[in-house]
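For any residue, its number in my numbering is found by taking its place in the sequence shown, counting from 1, and adding 1123. For each residue, glycine too, the CB sits at the ideal point set by N, CA and C. See structure below.
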Amino acid sequence: MKRVIITGGVAALGLAASVAPVPASASAQASVTVVASKLDGPRGLAFGPDGALYVAESGSGGKIKCATVPAEPGGEASKVCLGLTGKISKLADGELSTVVKDLPSAGSDGLGTGPHDVAFAEDGSMLVPIGLGGDGKLRAGLGPKGKTLGTLLKIKDGKSSVMADLLAFEVKHNPDKKDKGSAIDSYPFAVVPTPQGGALVTDVGANDVLQVSASGKVTLRAVFHARKVAAPAMMKLPKGSKVPMQSVPMGIAAAPDGSYYVAEHAGFPQPEGVARVFRLAGKKVETAVKGFTTVVDVAFDGSGRLVVLGSVGPVPSDHQPRTSLYRIEADGKRTELLKPGTLSVPLGLAVAGDGAVYVSNKGFTPGKGEIVRVDLPA
């Protein structure tokens, strides 16, 4: 696909049976506390076997080696530079510490594409997808220290190895190649472990979800093709014109019934209400929830309810969706859990055993990222 710039128990829920846009109920009164600050590009969150909260920090690029990213039609070429500024950090007893460092990060202006998520396999090892946002030529251009960009890493006892090369799969297959404007582009973003030591990984660049076996074999689990939507006025096209909109699958979560839910961020032009949450069950891909404008991440709470990090309503003129936190109730209604404007470019969430929701916040503010704890009323 074209390169993506990110702006920002089923039966009990009735999700698969009812996919109509759901009206919002009254906002719940939640309290928000900053529990960690000064993070460098916080992305995905996960609780580890030790009960601590882990966060992927995508880093800020660096100066090891630079490469040119080709221009999109009508745009200009750009330069990204590699550094080893990505890391995995751990929040325990109120203290944030680095547990894995020197992971690759490629970017510019202090914004890095590096580790985007962290999850834990059955054996306790970390699974970490490393982003890229380009093709094989871009990765090669960043030199040998960037060779794990576009891969899924497995980290155990401090030792890191490539579990799967997701960019290589995209180069060979490009599953959305039939879509207009499709190009080789891999940007691994989120990961969830599967039984028998495997994993599912979303690729926002490739518009797909990839299945990785315990041995590292990569297969296609789902591909999300572009849709035609009304062209925005800013494009000055004839009335009634339509343009392709990329799907951009981001977060992924395991549901209580063994299925998996995938957040659709939706690409430009992001018309109101177009984003969905997908349900993967076996070989089926279903729409579980719709009516959002963007969806960044999803998780399930202790009652089996879906928690959504996303936005509703039209995208503001500054092109930054006003992402907030929502919960899909048992009757299908959507409850907004935070006051509008509480969060700023949040990119990941995790639900604690006590029901609190943790969100990685200020994901595009180098050195000023946060983790916030959201305590919800009973």
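Bridge partners for residue i per DSSP, in chain order?
i       : result
Tyr1177 : Ala1169 and Lys1213
Gln1334 : Leu1323 and Thr1342
Arg1450 : Val1430 and Thr1458
Thr1274 : Asp1288
Thr1095 : Only positions 1124 to 1501 of the chain appear in this structure, which leaves residue 1095 out of reach.
Asp1441 : In DSSP, Asp1441 forms no bridge with anything.
Val1400 : Ala1386 and Val1412
Val1251 : Leu1276
Pro1372 : Glu1387
Which first and last residues belong to the alpha helix (DSSP H) in which residue i is found?
i       : result
Lys1260 : Gly1259 to Gly1264
Ala1291 : Leu1289 to His1296
How is the beta strand (DSSP E) around residue i delimited, first residue to last?
i       : result
Phe1415 : Lys1407 to Phe1415
Phe1312 : Pro1311 to Thr1317
Ser1154 : Ser1154 to Leu1162
Leu1472 : Gly1471 to Val1474
Gly1478 : Here Gly1478 belongs to no beta strand (DSSP E), and DSSP marks it neither H nor E.
Leu1466 : Leu1466 -> no beta strand (DSSP E), and no H or E assigned at all.
Thr1191 : Lys1188 to Val1192
Gly1492 : Gly1492 to Asp1498
Val1352 : Arg1350 to Ala1353
Buried or exposed for residue i, going by 16 or more other Cβ atoms inside 10 Å?
i       : result
Ile1494 : buried
His1239 : buried
Thr1325 : buried
Gln1369 : buried
Met1357 : exposed
Thr1156 : exposed
Val1390 : A small fix is needed here, since residue 1390 is Gly in this sequence, not Val. Buried: at least 16 other Cβ atoms inside 10 Å.
Leu1395 : Note on residue identity: the sequence assigns Glu, not Leu, to residue 1395. By the neighbour-count rule (16 or more Cβ atoms within 10 Å), Glu1395 is not buried but exposed.
Ala1200 : exposed
Lys1456 : exposed
Gly1436 : exposed
Gly1492 : buried
Glu1387 : buried
Would you call the region 1423-1433 in contact with the region 1345-1356, where contact means no fewer than 3 C-beta pairs closer than 8 Å? no
I'd like to know if the region 1209-1220 and the region 1283-1300 are in contact, where contact means that at least 3 CB-CB pairs between them fall below 8 Å. no
Would the region 1406-1414 and the region 1463-1475 be scored as touching if the rule is three or more Cβ pairs under 8 Å? no
Inspect the CB distances between the region 1227-1235 and the region 1182-1192 and report whether three or more fall short of 8 Å. yes
So, do the region 1314-1327 and the region 1359-1368 have three or more beta carbon pairs nearer to each other than 8 Å? no
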